[in-house]
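One line per chain: the protein sequences are A and B, in this order.
Heads up: the first sequence begins at 0 in numbering that gives the first Met the number 0, then just goes up one per residue.
Heads up: the second sequence begins at 0 in numbering that gives the first Met the number 0, then just goes up one per residue.
Number of protein chains: 2
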Amino acid sequence: MNTLTKIDTDILNYMQRDGRLTNAKLASKLAMSESPCWRRLRRLEEEGYIESYQANLDRRKLGFGVLAFVQLTFIEHDSKTTAIFEGVIKNCDQVLSCHNTTGDADFLLQVVAKNLDDYSQFIDNTLRKLPGVTAIRSNLSLRELKASSRLPIG
Amino acid sequence: MNTLTKIDTDILNYMQRDGRLTNAKLASKLAMSESPCWRRLRRLEEEGYIESYQANLDRRKLGFGVLAFVQLTFIEHDSKTTAIFEGVIKNCDQVLSCHNTTGDADFLLQVVAKNLDDYSQFIDNTLRKLPGVTAIRSNLSLRELKASSRLPIG
DNA sequence: CAATTAAAGAAATATTCTTTTCTTTGATCG
DNA sequence: CGATCAAAGAAAAGAATATTTCTTTAATTG
């Protein structure tokens, strides 16, 4: 399957909106019968168009009052520093995402914390301890106008 | 339900990792019987701890080669400018998330685009057209070290 | 220690789902 | 136009699921 049909992108869209849709319901939404719908969905999973399914939780209700974007700058880019950094980031559950970016900073991290104390501890104990870091710039989220991870397909 | 038990956070964790887990499988992972497991899961849904379920798609396979973080600065903050801005952002599917943040910029957006041309069009046709915008700073993702939206609960 | 209450477990059932196989349709190409 | 091929649809069957009700356990409190 090289290119996706309209049906495929429709399926992906529905599954982005409700990851627990059963095949039967999905098929009825698409006004098609269950067998081809099932085959397509399975193919989209097997070929990796769908990476995973997950429940989206309410961050605040679970006590994560702080969401921050952190820009990190490194003084040098030798492979050892990088390896240490990657290891720390991957093992740190507070870091939701981390991108190597263009711009003045080298990395942009998305971080959650229970509160400002917790966040400050993370900065001090985790980020400042990283070798080679020369600048840490924090941008705290004051208000979430929009928070999605749905790709605009179809 | 004011406070969550270990079982509840375990359930949330499993559902974060696999949103399609059936109640039976979830219960067996937790080594408990199905009925209390089912009741707890339903309560977590009803009380909003679980906001939604979704399929996570492969951005690159779906042709979104560009992921960018855009910092926006406004010259003024009157309610009209803000209202226009919020409307545009919410209706724009390319914008995955948008936060009002601390720091020199006012907003931080996460944006996807098919390619750099597409991205540049978005900047010109959507962001630059917004009234009151004085600065637009783009940070393109060069490499995704980590991309998750799983909260570190439990 | 007995009584009460809340949550866990067991069991049962009806519904719903998945998944297969076979048939039909529709498009493509010689 | 007929043959071929791929995808769609129908049907079916068993398996798995959700959900209820009833029972048991365990913890708490007077």
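Even glycine gets a Cβ: it sits at the ideal position worked out from N, Cα and C.
From a predicted model like this one, the values you see are computed outputs, not experimental measurements.
For this session: Tell me, please, whether the segment 113-128 of chain B touches the segment 67-75 of chain A by the rule of three or more beta-carbon pairs shorter than 8 Å.
Result: no
Exercise. Comparing alpha-carbon positions, which option in B/T125, B/N138, B/L129 and B/E85 lies nearest A/A146?
Worked result: Along the first sequence, read from residue 1 onward, the residue named residue 146 of chain A stands at position 147. Measuring from the Cα of A/A146, the nearest candidate turns out to be B/E85.
For this session: Indicate whether at least one CB of chain A lies closer than 8 Å to the CB of B/Y118.
Result: Taking the second sequence and counting its residues from 1, one reaches residue 118 of chain B at position 119. Answer no: the Cβ-Cβ gap between B/Y118 and chain A never drops below 8 Å.
Exercise. In the DSSP assignment, what are the bridge partners of B/K145?
Worked result: Looking up residue 145 of chain B in the second sequence gives position 146. In the DSSP output, where bridge partners are listed per residue, B/K145 has A/C97.
Exercise. Does the beta-carbon of B/K5 have 16 or more other beta-carbons within 10 angstroms, so that it is buried, or is it exposed?
Worked result: Stepping through the second sequence from its first residue, residue 5 of chain B is reached at position 6. Flag for B/K5 reads exposed.
For this session: Assign B/T72 to one of three DSSP states: helix, strand, or coil.
Result: To locate residue 72 of chain B, count along the second sequence from 1; it is residue 73. Correct three-state label for B/T72: strand.
For this session: Could you check if B/M0 is buried or exposed, using at least 16 other CB atoms within 10 Å of its CB as the buried criterion?
Result: On the second sequence, residue 0 of chain B is found 1 positions in, with the first residue counted as 1. Since pLDDT at B/M0 reaches only 46, below the 50 mark, its modelled position is unreliable, and the value read off the structure follows with that caveat. The Cβ neighbour count for B/M0, taken over all protein chains shown within 10 Å, is under 16; the residue is labelled exposed.
Exercise. In its own chain, which residues sit with a C-beta less than 6 Å from the C-beta of A/Q173, not counting the 5 before and 5 after it?
Worked result: With chain A covering 0 to 153 only, the question about residue 173 of chain A has no answer from this structure.
For this session: State buried or exposed for B/D103, treating a residue as buried only when at least 16 other CB atoms are found within 10 Å of its CB.
Result: Stepping through the second sequence from its first residue, residue 103 of chain B is reached at position 104. Label assigned to B/D103: exposed.
Exercise. How far does the alpha helix (DSSP H) with A/Y118 in it reach, from first residue to last?
Worked result: In the first sequence, counting from the first residue as 1, residue 118 of chain A sits at position 119. L115 to F121 is the extent of the alpha helix (DSSP H) around A/Y118.
For this session: Only counting runs of 4 or more residues, tell me where the alpha helix (DSSP H) segments fall wholly within the segment 1-83 of chain B, in order along the chain.
Result: Listed in chain order, the alpha helix (DSSP H) elements of length 4 or more contained wholly in the segment 1-83 of chain B are 5-16, 22-28 and 33-45.
For this session: Note the first and the last residue of the continuous beta strand (DSSP E) segment covering B/A112.
Result: Taking the second sequence and counting its residues from 1, one reaches residue 112 of chain B at position 113. F106 to A112 is the span of the beta strand (DSSP E), which, as asked, contains B/A112.
Problem set entry | Expected contact under 8 Å - CB spacing of B/N22 and B/L3 to nearest Å | Translated into positions along the second sequence, residue 22 of chain B becomes position 23. Translated into positions along the second sequence, residue 3 of chain B becomes position 4. With a Cβ gap of about 18 Å, B/N22 and B/L3 do not count as contacting.
For this session: Using only alpha-carbon positions, find the residue among B/D17, B/I152 and B/Y13 that is nearest to A/D92.
Result: Looking up residue 92 of chain A in the first sequence gives position 93. With distances taken between Cα atoms, A/D92 lies closest to B/I152.
For this session: Mind checking who B/L139 pairs with in its DSSP beta bridge?
Result: Position 140 of the second sequence, counting from 1, holds the residue named residue 139 of chain B. B/A67, per the DSSP bridge assignment.
Exercise. Going by beta carbon distance, what residues of the same chain come within less than 7 Å of B/A26, once the five residues before and after it are set aside?
Worked result: Counted from its first residue, the second sequence places residue 26 of chain B at position 27. Answer for B/A26: S32, E33 and C36, listed in chain order.
Exercise. A/E45 CB to nearest chain B CB: under 8 Å?
Worked result: The sequence position of residue 45 of chain A within the first sequence is 46, counting from 1. Chain B contact via Cβ: absent.
For this session: For B/T133, count neighbouring C-beta atoms within 10 Å of its own C-beta (all shown protein chains included) and say buried if the count is 16 or more, exposed if not.
Result: Here residue 133 of chain B is taken as the residue at index 134 of the second sequence, counted from 1. Its Cβ having fewer than 16 others within 10 Å, B/T133 is exposed.
Exercise. If you draw a straight line from the C-alpha of B/V110 to the C-alpha of B/F63, how long is it?
Worked result: In the second sequence, counting from the first residue as 1, residue 110 of chain B sits at position 111. In the second sequence, counting from the first residue as 1, residue 63 of chain B sits at position 64. B/V110 and B/F63: Cα-Cα distance of roughly 10 Å.
Problem set entry | Where A/R54 falls, given that 16 or more other Cβ within 10 Å makes a residue buried | Numbered from its first residue, the first sequence carries residue 54 of chain A at position 55. Per the sequence shown, residue 54 of chain A should be read as Ala rather than Arg. It is buried - the Cβ of A/A54 has at least 16 other Cβ atoms within 10 Å.
For this session: Out of A/K60, A/L129, A/T125 and A/T8, state which residue places its alpha-carbon closest to the alpha-carbon of A/A82.
Result: Along the first sequence, read from residue 1 onward, the residue named residue 82 of chain A stands at position 83. Among A/K60, A/L129, A/T125 and A/T8, the Cα nearest to that of A/A82 is on A/L129.
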